[in-house]
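K.L.:
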Amino acid sequence: MSRFMHIGRGLYGIWLREVMRAVRDRGQLIGGVSRPLIWLLILGIGLNPYFRGEVYGEVRFVIPYTYLQFLFPAVIVLNIMYTSIQFAVSVIWDREFGFLRAILISPVPRWIILLGKILGGSTVATGHGALVLILARFADITLSWDQVALALLLMFGLSFGLTSFGVILAARVRSFEGFGVFSNTIILPLYFCSSSIFPLDPSLTRAQTVALYPEWLVFLVEINPITYAVDALRGVLINFHQFDPRLGPMVIGGMTVVFFLSALFDFRRR
Amino acid sequence: MGTESANGIEITNLSHAFAGRTVLSNIDMSVPDGSSVALLGPNGAGKTTLMNILCALLTPDSGRVMLGEMDLARQPDAVRRKIGAVFQDPSLDTRLSAWENLDFHGLIYGLSRRERKRRAAEVLELVELDAWRDEIVRTFSGGMKRRLEIARALMHQPSILFLDEPTTGLDPQSRARIWSYLEGLRASDNLTQVITTHYVEEVEDHDYIYIIDQGRLIASGTPHELKSRHGTSMIRCLPRDATTEEELMAAYPEAMPLADGRIGITLGAGDMLDAFLGRFGARLRQIQIDEPSLATVFLALTGREIDQRTPGAPKKAAGVQ
Ligand SMILES: Nc1ncnc2c1ncn2[C@@H]1O[C@H](COP(=O)(O)OP(=O)(O)OP(=O)(O)O)[C@@H](O)[C@H]1O
Ligand SMILES: [Mg+2]
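Residue numbers (numbering that gives the first Met the number 0), protein chains in the order written: chain W, 0 to 269; chain E, 0 to 320.
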């Protein structure tokens, strides 16, 4: 019992430090607010008229939503991706500035240290995703509380998986500078290939889709796990799925487990 | 159940190598409960490696470490509650306040909110930082950071404290303060202390000294024992020209070349000093005669000076801003 309390306090302490750090980090907060504004205000409003474009009187896409509504869940995912993967910087910081040693000599078990850090990072990333949710009204999306709760749950799962992924990256990167370049080359391609800003029309057959888009692009979208996270959030927020609705939660669940376990494996070995 | 050894340390035949290169070989050490032991050695001697092993951060290749009745290899978790450490490199979170750093440390050691409050106030008072409790650590001076690190290591009331070069890079005033806190703790809390340093002048007040060089223990004893056993008076001089140097080396075959072209000569008994001065006195640029001290002990044992800077001058902190 007392051992349980001790470990609980350790977990809480490690979690709390991550959250405190993030709340005080102006730069990160500004990024978290400005990113969705730019994507929704500029890209979203800008492309809105073209989305359900009728080409020569023929309606191409049968998605009964505006582009802003379509894009909205993806921007949540984008904000979560940035914050989660950026979390690796906190891990590198601890390692390079020796703070990790001060934690490692304490009686807190290693897996609790890792879990605390990742839970902290996921909380922050979910928070940044929730910042986007505040803009829902503006994208013409009305949400009930249970939709919000379900969305937050999915967002937290995604954050946990991606934060763990950030930790795995951190173990392989030596410097902060190296990491900055690295993260940008990972985040944006994953985002663009997740059917976030353009739909693969589910009403078309695969043959038709491939006729519309080159096969390699369809392939990239379909193997990208982020695609299914975006799809899951679309399901909850605007009730629209491009894929089997069961895939989203499964992929998110799979990512959390696989990435956390590999992060743990890395951390144990060091 | 010897209460005598409850918080003592016994190291037996400890060896460690990094990538095939031996860094510690066959170390035997014993630190009695409540005593303060200094590990003295030059850069690269293996002091930090030994500290890391004692803190269970590094598993040694071979050998045994007992802390009290606990075997470090078998019960690392029980050992961790008992020990506190101040690392050679700073390890505070500079973005948090002094209080928050201490509170975090209390949490990871499982202290309740009330205990954390009480202890944080106590240790801040001990290191005279109570007025800075809510300041962000980034704004602290090097000495203040070090004091806060000592405070942090004491938060969970360890019975053994490891300090790896706690005073390196600090001004004499900060160094004196730190030593006075540590001395106080030994008297009031019976805290066992293991300290590494390469400031020879700082180890005189410790109960026992181990001198370590290139991963080997080369001597140990109380400061008094070491000086009476190995200590000799020394002449350190800088010859005026090359001919003087040659002549000097010929006259004293056991003379040791030191850094910057200086030469060290062990002073024997009798009128050796008079003879030396009579012959070479006028042909030296500099001369210094050292009374037996731990610096001359090290020089006599290894033929090298422990720290090749002028005594008392601050050394640059190793690679850390
Ligand atoms: N992780 C490591 N991998 C490889 N070699 C290492 C590692 N850590 C230390 N060494 C080597 O082991 C030797 C002893 O290093 P250590 O840091 O223990 O010395 P030290 O006595 O603490 O020196 P200093 O006074 O400079 O702090 C050095 O030669 C160092 O290069
Ligand atoms: Mg060292």
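Even for Gly, the Cβ is constructed at its ideal location relative to N, Cα and C. In this text, all values refer to a predicted model and were calculated from it rather than measured experimentally.
From the DSSP secondary-structure annotation, give me the bridge partner or partners of residue 248 of chain E.
P.N.:
The partner list for residue 248 of chain E (beta bridge, DSSP) is empty, contrary to what the question assumes.
K.L.:
Are the beta-carbon atoms of residue 16 of chain W and residue 119 of chain W separated by less than 9 Å?
P.N.:
Yes, they are a contact pair.
K.L.:
Give me whichever residues DSSP pairs with residue 149 of chain E in a beta bridge.
P.N.:
Residue 149 of chain E pairs with nothing; no bridge assigned.
K.L.:
Assuming residue 180 of chain W contacts residue 199 of chain W (C-beta within less than 8 Å), just tell me the rounded distance between them.
P.N.:
Wrong, their Cβ atoms sit about 30 Å apart, outside the cutoff.
K.L.:
Between residue 301 of chain E and chain W, is there a C-beta pair that is closer than 9 Å?
P.N.:
Answer no: the Cβ-Cβ gap between residue 301 of chain E and chain W never drops below 9 Å.
K.L.:
Closest to residue 40 of chain W by C-alpha separation, out of W:18, W:26 and W:66, would be which residue?
P.N.:
When each option's Cα is compared against that of residue 40 of chain W, the closest is W:66.
K.L.:
Which stretch, first to last residue, makes up the beta strand (DSSP E) that contains residue 30 of chain E?
P.N.:
Residues 20 to 30.
K.L.:
If you reduce the DSSP assignment to three classes, tell me which class residue 322 of chain E lands in.
P.N.:
Since the first residue of chain E shown is 0 and the last is 320, residue 322 of chain E is not available in this structure.
K.L.:
Just curious, the beta strand (DSSP E) that residue 261 of chain E is in, first and last residue?
P.N.:
Segment: none, residue 261 of chain E is in no beta strand (DSSP E) and carries neither H nor E.
K.L.:
Would you mind working out which of E:20, E:265 and E:178 sits nearest residue 48 of chain E, comparing C-alpha positions?
P.N.:
Considering only alpha carbons, the answer is E:20.
K.L.:
Put residue 195 of chain E into one of helix, strand or coil per three-state DSSP.
P.N.:
It is a strand residue.
K.L.:
Can you find the residues in the same chain that come closer than 8 Å, C-beta to C-beta, to residue 95 of chain E, ignoring five residues on each side of it along the sequence?
P.N.:
Hits under 8 Å: 103, 135 and 136.
K.L.:
Considering only the alpha carbon of each residue, which of W:149, W:12, W:78 and W:38 lies closest to residue 27 of chain W?
P.N.:
Of W:149, W:12, W:78 and W:38, the residue nearest in Cα terms is W:78.
K.L.:
Residues of chain W with CB under 8 Å from residue 119 of chain E, in chain order?
P.N.:
Near residue 119 of chain E there are no residues of chain W at all, since even the closest Cβ is about 13 Å away, more than 8 Å.
K.L.:
So residue 13 of chain W contacts chain E; which residues on that side make the cut at Cβ distance below 9 Å?
P.N.:
Here the neighbours are 103, 106 and 107.
K.L.:
When the distance is taken between beta carbons, is residue 297 of chain E closer than 9 Å to residue 212 of chain E?
P.N.:
Result yes, Cβ atoms of residue 212 of chain E and residue 297 of chain E sit closer than 9 Å.
K.L.:
What is the residue span of the beta strand (DSSP E) that residue 36 of chain E lies within?
P.N.:
From DSSP, the beta strand (DSSP E) with residue 36 of chain E extends over 35 to 39.
K.L.:
Using the C-alpha atoms, what's the distance from residue 68 of chain W back to residue 131 of chain W?
P.N.:
For residue 131 of chain W and residue 68 of chain W, the distance between alpha carbons rounds to 12 Å.
K.L.:
From the DSSP output, in three-state form, read off residue 75 of chain W for me.
P.N.:
Of the three classes helix, strand and coil, the one that applies to residue 75 of chain W here is helix, per DSSP.
K.L.:
In terms of residues, what are the limits of the beta strand (DSSP E) holding residue 161 of chain E?
P.N.:
Run containing residue 161 of chain E: 159 to 163, per the beta strand (DSSP E) assignment.
K.L.:
What are the boundary residues of the alpha helix (DSSP H) that includes residue 47 of chain W?
P.N.:
Note, residue 47 of chain W: alpha helix (DSSP H), 44 to 50.
K.L.:
Under the three-state reduction of DSSP, which class applies to residue 341 of chain E: helix, strand or coil?
P.N.:
With chain E running from 0 to 320 in the structure shown, residue 341 of chain E is simply not present.
K.L.:
Could you tell me which of E:174, E:275, E:228 and E:65 sits nearest to residue 243 of chain E, measuring between CA atoms?
P.N.:
Of the listed residues, the one whose Cα sits closest to residue 243 of chain E is E:275.
K.L.:
Determine, using beta-carbon pairs with one atom in the stretch 170 to 187 of chain W and one in the stretch 219 to 235 of chain W, whether at least three such pairs fall under 8 Å.
P.N.:
In short, these stretches do not touch, since the Cβ pair count stays below three.
K.L.:
What does DSSP give as the partner residue(s) for residue 85 of chain E in the beta ladder?
P.N.:
E:162.
K.L.:
Is it a yes or a no for the stretch 154 to 166 of chain E touching the stretch 193 to 203 of chain E, going by three-plus beta-carbon pairs under 8 Å?
P.N.:
Flag = yes, the stretch 154 to 166 of chain E and the stretch 193 to 203 of chain E touch.
K.L.:
Is residue 238 of chain E helix, strand or coil by DSSP?
P.N.:
Of the three classes helix, strand and coil, the one that applies to residue 238 of chain E here is strand, per DSSP.
K.L.:
Output, in sequence order along the chain, the residues in the stretch 46 to 63 of chain E whose CB is closer than 9 Å to any CB in chain W.
P.N.:
So the list reads 51, 54, 55 and 56, given in the order they occur along the chain.
K.L.:
Whose C-beta lies closer than 8 Å to the C-beta of residue 98 of chain E among residues of the same chain, with five residues either side of it excluded?
P.N.:
119, 123, 132 and 133.
K.L.:
Quick one: what does DSSP say residue 182 of chain E is sitting in, helix, strand or coil?
P.N.:
It is helical.
K.L.:
Using only the heavy atoms of ligand 3, determine whether one of them is closer than 8 Å to the beta carbon of residue 195 of chain E.
P.N.:
Ligand 3 is absent from the structure shown, which contains only ligand 1 and ligand 2.
K.L.:
Report the rounded CA-to-CA distance for residue 314 of chain E versus residue 171 of chain E, giving the unit in angstroms.
P.N.:
Legend: pLDDT at residue 314 of chain E = 38, less than 50; position of this residue unreliable, value from coordinates given subsequently. Cα to Cα, residue 314 of chain E sits roughly 11 Å from residue 171 of chain E.
K.L.:
Within 10 Å of its beta-carbon, does residue 252 of chain W have 16 or more other beta-carbons around it, so buried, or fewer, so exposed?
P.N.:
Exposed, because fewer than 16 other Cβ atoms sit within 10 Å of the Cβ of residue 252 of chain W.
K.L.:
Buried or exposed for residue 74 of chain E, going by 16 or more other Cβ atoms inside 10 Å?
P.N.:
Exposed, because fewer than 16 other Cβ atoms sit within 10 Å of the Cβ of residue 74 of chain E.
K.L.:
Leaving out five residues on either side along the sequence, give the residues of the same chain with a beta carbon under 6 Å from the beta carbon of residue 5 of chain E.
P.N.:
Within the same chain, residue 5 of chain E has close Cβ partners 32 and 67.
K.L.:
Applying a beta-carbon distance threshold of less than 9 Å, which residues of chain W neighbour residue 158 of chain E?
P.N.:
Residues of chain W passing the Cβ test: none, with the nearest at roughly 14 Å.
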